[in-house]
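Numbering (this note's numbering), first residue to last: 7 to 225. All C-beta atoms, glycine included, are put in the ideal place defined by N, C-alpha and C. In what follows, a single structure is set out as structure tokens and then discussed.
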């Protein structure tokens with residue numbers, strides 16, 4: 007359980023959600039002033055609550071409660087922001103809001119875990135397996151194409167985030183989710199850590215599946 011908590015926690019999930027709210031409000035305060043920014047944040051929260059109620063049937067297990075809350079926040083923010091600025095600007099702002107507040111902490115945490123591990127690749131493989139079960143849950147479908155000492159290749163066939171984005175006609179929001187994985191992946195130093203990571207295809211960018219590929223380097 008201790009190892010599970012290292013990679014999955016309610017506190018981390020809440021930090022992600024709050025980080026989005028805070029970032030959007032700060033950016034809008036620079037553009038329109040603090041009072042207007044607070045009004046925008048209230049509008050986002052109200053829209054988010056409505057979206058969560060409308061999609062309550064999407065909750066299939068405990069992990070999917072967070073998935074719904076997260077996607078409802080992204081959708082509510084996007085719908086609110088596109089009323090105030092061009093779509094491209096709204097998407098860019100929301101992408102930064104989702105990625106930047108936790109980027110440094112995630113990268114430093116992963117890098118530290120890899121730097122001090124006797125088998126760095128195994129650290130991320132174990133983390134992936136824990137998150138498949140405890141963070142992602144039943145609303146994702148995973149297939150382990152390879153799982154041995156030489157590599158771990160995971161195929162993601164079904165993704166809550168992708169299905170939600172398509173169901174609400176906002177496939178462009180998947181840009182945010184697909185970029186998320188590169189936050190932790192950039193902490194990997196092939197020469198130092200002895201393995202490579204590739205993500206050649208994703209559902210969000212129109213492929214048939216996401217392919218997460220960890221391969222041990224031959225020396």
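Worksheet item: Cα-Cα, which of 124, 145, 55 is closest to residue 67?
Response: Closest in C-alpha terms to residue 67, from the list 124, 145, 55, comes 145.
Discussion item. Let me confirm a value: residue 37 is counted as buried when at least 16 other C-beta atoms fall within 10 Å, else exposed. Which label applies?
Written reply: It counts as exposed.
Practice prompt. Please indicate yes or no: does the CB of residue 130 lie closer than 7 Å to some heavy atom of the ligand ATP?
Written response: In the structure shown, the ligand ATP is absent, as is every other ligand, since no ligand is present at all.
Practice prompt. Under the assumption that residue 220 contacts residue 157 (Cβ atoms under 8 Å), give the Cβ distance between them as a whole number of angstroms.
Written response: At roughly 6 Å, the Cβ-Cβ gap stays under 8 Å, so residue 220 and residue 157 are in contact.
Worksheet item: Which value, in whole angstroms, describes the spacing of the CA atoms of residue 46 and residue 28?
Response: Taking the straight line joining both Cα atoms gives about 11 Å.
Worksheet item: Within this structure, are the beta carbons of residue 124 and residue 201 separated by less than 8 Å?
Response: It is not a contact, given that the beta carbons lie outside the stated cut-off.
Item to complete: Measure the C-alpha to C-alpha separation of residue 88 and residue 61 and round it to an integer number of angstroms.
Response: Distance between the alpha carbons of residue 88 and residue 61 is about 22 Å.
Worksheet item: Beta-carbon separation of residue 109 and residue 22 under 8 Å?
Response: In this structure, residue 22 does not lie closer than 8 Å to residue 109 by Cβ.
Worksheet item: Which value, in whole angstroms, describes the spacing of the CA atoms of residue 165 and residue 115?
Response: Spanning the two alpha carbons is a distance of roughly 25 Å.
Worksheet item: What residue range is occupied by the uninterrupted beta strand (DSSP E) comprising residue 160?
Response: It spans 157-164 - the beta strand (DSSP E) in which residue 160 sits, taken as one unbroken run.
Discussion item. Tell me which residues share the same chain as residue 187 and place their Cβ nearer than 7 Å to its Cβ, disregarding the 5 neighbours each side in the sequence.
Written reply: Scanning its chain for C-beta atoms nearer than 7 Å, with the 5 sequence neighbours on each side dropped, one finds around residue 187 the residues 205, in chain order.
Worksheet item: Taking Cβ positions, are residue 160 and residue 141 nearer each other than 8 Å?
Response: At the C-beta level, residue 160 and residue 141 stay beyond 8 Å of one another.
Discussion item. I need the straight-line Cα distance from residue 30 to residue 99, nearest angstrom please.
Written reply: Rounded to the nearest angstrom, the two C-alpha atoms are 7 Å apart.
Discussion item. Among 43, 95, 133, whose alpha-carbon lies nearest the alpha-carbon of residue 15?
Written reply: Of the listed residues, the one whose Cα sits closest to residue 15 is 133.
Worksheet item: Which same chain residues, not among the five before or five after residue 82, have their C-beta less than 7 Å away from its C-beta?
Response: Its chain contains 50, 53, 54, 57 as the residues whose beta carbon lies nearer than 7 Å to that of residue 82, once the 5 sequence neighbours on both sides are disregarded; these appear in chain order.
Worksheet item: Going by alpha carbons, who is nearest to residue 122 out of 177, 194, 203, 63?
Response: Comparing Cα-Cα distances from residue 122 to each of 177, 194, 203, 63, the minimum goes to 194.
Worksheet item: If we count the other Cβ atoms within 10 Å of its Cβ and call it buried at 16 or more, is residue 211 buried or exposed?
Response: Its Cβ having fewer than 16 others within 10 Å, residue 211 is exposed.
Worksheet item: Relative to the C-alpha of residue 18, which residue among 93, 104, 34 is closest?
Response: The shortest Cα separation from residue 18 among 93, 104, 34 belongs to 104.
Worksheet item: Looking at the unbroken beta strand (DSSP E) that takes in residue 203, where does it start and where does it end?
Response: Under the DSSP assignment, residue 203 falls in the beta strand (DSSP E) whose first and last residues are 201-204.
Worksheet item: Apart from the five residues just before and just after residue 174, which ones in its own chain have a Cβ nearer than 7 Å to its Cβ?
Response: Cβ neighbours of residue 174 beyond the five flanking positions: 81.
Fill in: Assigned exposure category for residue 224 - 16 Cβ within 10 Å defines buried
Burial check for residue 224: the Cβ neighbour count within 10 Å stays below 16, so the residue is exposed.
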